[in-house]
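Protein chains in written order, with our numbering: chain U, 2 to 320; chain D, 246 to 557. One structure below.
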Amino acid sequence: MGAYALRRLLWVPVTVILTSMIVFLLVRFIPGNVIDVIQAQMAAQNGGTIDRAAIIKLLGLNVPVYVQYAHWVTGIVLHGNLGTSLISSQPITPMLLQRIPLTFELGFLGILVGFIISIPIGIYAAMRQDTIQDRVLRSIIILLISVPNFLVAYIFLYYASVIWHWIPQLEFIPFFTNPLGNLGMMIIPAIFLGTQQTGGYMRMMRTMMLETLRQDYIRTAWAKGLSERVVVLRHAMKNALIPVVEMVGGGIPILIGGAVLIENIFNLAGTGRLMFDAINQRDYPVISAITLIMSVIVILGNLVMDLTYGWLDPRIHYQ
Amino acid sequence: MNIKPAVVSSNKQTEEKRQSFLFTLFKRMIMEKPLGTFGLTVIVIFFTAGVFSKFIMPFPIKLVDLFNVRQPPSSKYLLGTDELGRDVLSRLIYGARVSLEVGFGAMTIATIISILIGATSGFLGKTIDMITQRFVDVWMSIPPFIILLIIMSIIPHNLFTMIMVIGITVGIGGARLIRSAVIRIKSEVYVSALDAIGCSKTRALFRHILPNIMPAIIIFFTLGVGGAIMQEAGLDMLGFGLPPGTPSWGIMLFSVWGIWAAFAISLTIYGINMFGDSLRDLLDPRLSGGVGHYSITAKKMKRLKEKLVKSI
Numbered sequence: 002m003g004a005y006a007l008r009r010l011l012w013v014p015v016t017v018i019l020t021s022m023i024v025f026l027l028v029r030f031i032p033g034n035v036i037d038v039i040q041a042q043m044a045a046q047n048g049g050t051i052d053r054a055a056i057i058k059l060l061g062l063n064v065p066v067y068v069q070y071a072h073w074v075t076g077i078v079l080h081g082n083l084g085t086s087l088i089s090s091q092p093i094t095p096m097l098l099q100r101i102p103l104t105f106e107l108g109f110l111g112i113l114v115g116f117i118i119s120i121p122i123g124i125y126a127a128m129r130q131d132t133i134q135d136r137v138l139r140s141i142i143i144l145l146i147s148v149p150n151f152l153v154a155y156i157f158l159y160y161a162s163v164i165w166h167w168i169p170q171l172e173f174i175p176f177f178t179n180p181l182g183n184l185g186m187m188i189i190p191a192i193f194l195g196t197q198q199t200g201g202y203m204r205m206m207r208t209m210m211l212e213t214l215r216q217d218y219i220r221t222a223w224a225k226g227l228s229e230r231v232v233v234l235r236h237a238m239k240n241a242l243i244p245v246v247e248m249v250g251g252g253i254p255i256l257i258g259g260a261v262l263i264e265n266i267f268n269l270a271g272t273g274r275l276m277f278d279a280i281n282q283r284d285y286p287v288i289s290a291i292t293l294i295m296s297v298i299v300i301l302g303n304l305v306m307d308l309t310y311g312w313l314d315p316r317i318h319y320q
Numbered sequence: 246m247n248i249k250p251a252v253v254s255s256n257k258q259t260e261e262k263r264q265s266f267l268f269t270l271f272k273r274m275i276m277e278k279p280l281g282t283f284g285l286t287v288i289v290i291f292f293t294a295g296v297f298s299k300f301i302m303p304f305p306i307k308l309v310d311l312f313n314v315r316q317p318p319s320s321k322y323l324l325g326t327d328e329l330g331r332d333v334l335s336r337l338i339y340g341a342r343v344s345l346e347v348g349f350g351a352m353t354i355a356t357i358i359s360i361l362i363g364a365t366s367g368f369l370g371k372t373i374d375m376i377t378q379r380f381v382d383v384w385m386s387i388p389p390f391i392i393l394l395i396i397m398s399i400i401p402h403n404l405f406t407m408i409m410v411i412g413i414t415v416g417i418g419g420a421r422l423i424r425s426a427v428i429r430i431k432s433e434v435y436v437s438a439l440d441a442i443g444c445s446k447t448r449a450l451f452r453h454i455l456p457n458i459m460p461a462i463i464i465f466f467t468l469g470v471g472g473a474i475m476q477e478a479g480l481d482m483l484g485f486g487l488p489p490g491t492p493s494w495g496i497m498l499f500s501v502w503g504i505w506a507a508f509a510i511s512l513t514i515y516g517i518n519m520f521g522d523s524l525r526d527l528l529d530p531r532l533s534g535g536v537g538h539y540s541i542t543a544k545k546m547k548r549l550k551e552k553l554v555k556s557i
């Protein structure tokens, strides 16, 4: 376990550095770009043109790309400074720090909802494989993920506001001020976010359950005369659950992508929303910063998942 | 005394081998997986609608009828008209073509890229594998939708660029799947035999490894089409997809009578998912009963065993 953990840990800095490079290049290699946009903006605001050289100097674009990258990275690592927004001229770090908790909470609730829905259904479908219940449940779950969740959210909001005269809470209630109010606000977006993943979880749970139920130790449990409930819940489920948990880690990037849409629809002030606005306004420092932070979160999340997986599954110890 | 040979039905086995892989697959799909067959039918219907759209469309997609804007379904305009008076049904049929083009096109590119990266990296092993996997990991760490948004905010919006962008993004992520399939096969005896007889790496990859990871590739492809269509719809919603006015289902979702497009998208993705799911059930070697050259279905196995017991 020690060697595995160490090896796994060592890859993290490498991946983070590579990610930062790719994120940086992704946003920097833009044809046309920043200066034209700013020029257009200035023209719209002041009705005057702007000195291109001055802008280039201000944004630090007059140095070669790798120097820009070095500036950016040292800024982050040494000062915790992720840059300044082009549009609002505000430093990015406080902005992000304010919004990340919301996206975190949304994602966490989303995963929770997904789990609550998919795991029991997956287990039951595996227990009754190929029967009518299995097929019906599978169809329902796949129907859930086939209909685009942002579409359902959109329609839901429309009908809820028109027919039931209900709108989502407009002013955000932080969690510590009023936990119940906060949860009441977040649960509906979380449901829409979570249903996106239920299909994958349920399928994986069912597959793993099917595989586990064919194992010898389960056969022993049956032979001992244990009831179905005990065999499934006490013996099979825990072993089948491990790969599903690993899958959650893999689903985090998709969850973040979904959060962009959901936060947009429900008007939640989270990182997804900030990202969308930034992309619309071509606010490149913000785009780079958020992408980097999200990628680092994903990498760390994967690390935690892998280590938990290694800890839970004794077979990994012997690698 | 008649001593019957222990292997009762080697003839039956060879007989089954002679039936083509596709045929057995198809037969099993229809017999055992009604939902999968339903999914396949849906896909085929929409596919044909897309291919023959020019002949099926009652009205041209760009024909504007400003006297009949936002009409409900009528005998003339079977599904109603949109905000410019264009027939929704015709646009829906053409939209099948556009959406399926995006889906299949993107997944073709994705599959090619995944195989190139994943199979080579998994097969050639050690250093190349390690380095390539780092880059794939990095790519997968960045949320794919965000990559799509960023890239689509830079490049011009048309069908070709969308297919390329979605294809490349999904492809690099899928490399990991293909790689794990290749690694699973690498422990087989025939792979070491390939090296022993001096088979070149390229030949080994394309003639031997690839056909044996076909199940994984097929599942990746089929399930990915649904995802690609949904990504396209999501991009359209945010305004980063196809240019507005294109009769793509994703764009039609948010105009008048978008409910038909919603229905079409949901049905298609549902069919694709059901089909892909049933395909995975049939092809996944880990679950009981795979379909392949050397496999026997569960029912046949039972019959074989009964015959064996009877003959003893």
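For each residue, glycine too, the CB sits at the ideal point set by N, CA and C.
- Within chain U, the C-beta atoms nearer than 9 Å to that of R379 (chain D) come from W12, V15, T16 and L19, in chain order.
- Judged by pairs of C-beta atoms under 8 Å, the region 88–104 of chain U does not touch the region 219–229 of chain U, as fewer than three such pairs exist.
- For D522 (chain D), the enclosing alpha helix (DSSP H) stretches over residues G503 to L528.
- Within the model, the alpha-carbon separation for K552 (chain D) versus D440 (chain D) is close to 41 Å.
- For Q476 (chain D) and Y339 (chain D), the gap between their C-alpha atoms comes out near 19 Å.
- A check of alpha carbon separations from L293 (chain U) across U:V28, U:L11 and U:G200 identifies U:V28 as the nearest.
- For H236 (chain U), the closest C-alpha among the options U:A279, U:R215 and U:W312 is that of U:R215.
- Ranked by how close their Cα comes to the Cα of M352 (chain D), the residues D:K307, D:L311, D:F291 and D:V415 have D:V415 in first place.
- The Cβ-Cβ distance between F499 (chain D) and M482 (chain D) falls below 8 Å.
- If you ignore the 5 residues before and after T94 (chain U), its C-beta comes within less than 7 Å of the C-beta of G81, N82 and L83, all in its own chain and listed in chain order.
- K299 (chain D) and I306 (chain D) have their C-alpha atoms spaced approximately 10 Å apart.
- Against chain U, a Cβ distance below 8 Å from N518 (chain D) picks out I143, I146, S147 and G200.
- Among the residues of chain D, those whose CB is under 8 Å from the CB of I288 (chain U) are I395, following chain order.
- Look at P92 (chain U) here: in three-state DSSP terms it is strand.
- G471: these are the residues of the region 450–472 of chain D whose beta carbon lies less than 8 Å from some beta carbon of chain U, given in chain order.
- One finds P388, P389, F390 and I391 in chain D with Cβ atoms closer than 7 Å to the Cβ of G258 (chain U), taken in chain order.
- For S296 (chain U), the nearest CB of chain D lies under 8 Å from its own CB, placing it at the interface with that chain.
- Around the beta carbon of L7 (chain U), a 10 Å sphere encloses fewer than 16 other beta carbons of the protein chains shown; the residue is thus reported as exposed.
- By DSSP's assignment, T326 (chain D) forms a beta bridge with D:D332.
- Nearest C-alpha to A127 (chain U) among U:V233, U:I243 and U:Y5: U:V233.
- For T85 (chain U), the secondary structure class from DSSP, reduced to helix, strand or coil, is strand.
- For A509 (chain D) against L337 (chain D), the beta-carbon gap comes to about 6 Å, under 8 Å, which counts as contact.
- Distance from the CA atom of G412 (chain D) to the CA atom of N179 (chain U), rounded to whole angstroms, is 45 Å.
- Considering only beta carbons, the part of the region 114–144 of chain U lying closer than 9 Å to chain D consists of D131, R136, R139, S140, I143 and L144, in chain order.
- A Cβ-Cβ separation of about 6 Å places I146 (chain U) in contact with Q197 (chain U) under the 8 Å criterion.
- Between the alpha carbons of V24 (chain U) and E346 (chain D) lies a distance of about 29 Å.
- With 16 or more other Cβ atoms inside 10 Å of its own Cβ, Y515 (chain D) counts as buried.
- Where P14 (chain U) is concerned, the enclosing alpha helix (DSSP H) starts and stops at G3 to R29.
- In the DSSP assignment, A279 (chain U) falls within the alpha helix (DSSP H) that extends over T272 to N281.
- Per DSSP, the unbroken alpha helix (DSSP H) holding T208 (chain U) starts and ends at P180 to L214.
- Contact annotation: the region 195–214 of chain U touches the region 241–261 of chain U, with at least three C-beta pairs closer than 8 Å.
- DSSP places R452 (chain D) in the helix class (H, G or I) of the three-state scheme.
- Look at W167 (chain U) here: in three-state DSSP terms it is coil, with no helix or strand label.
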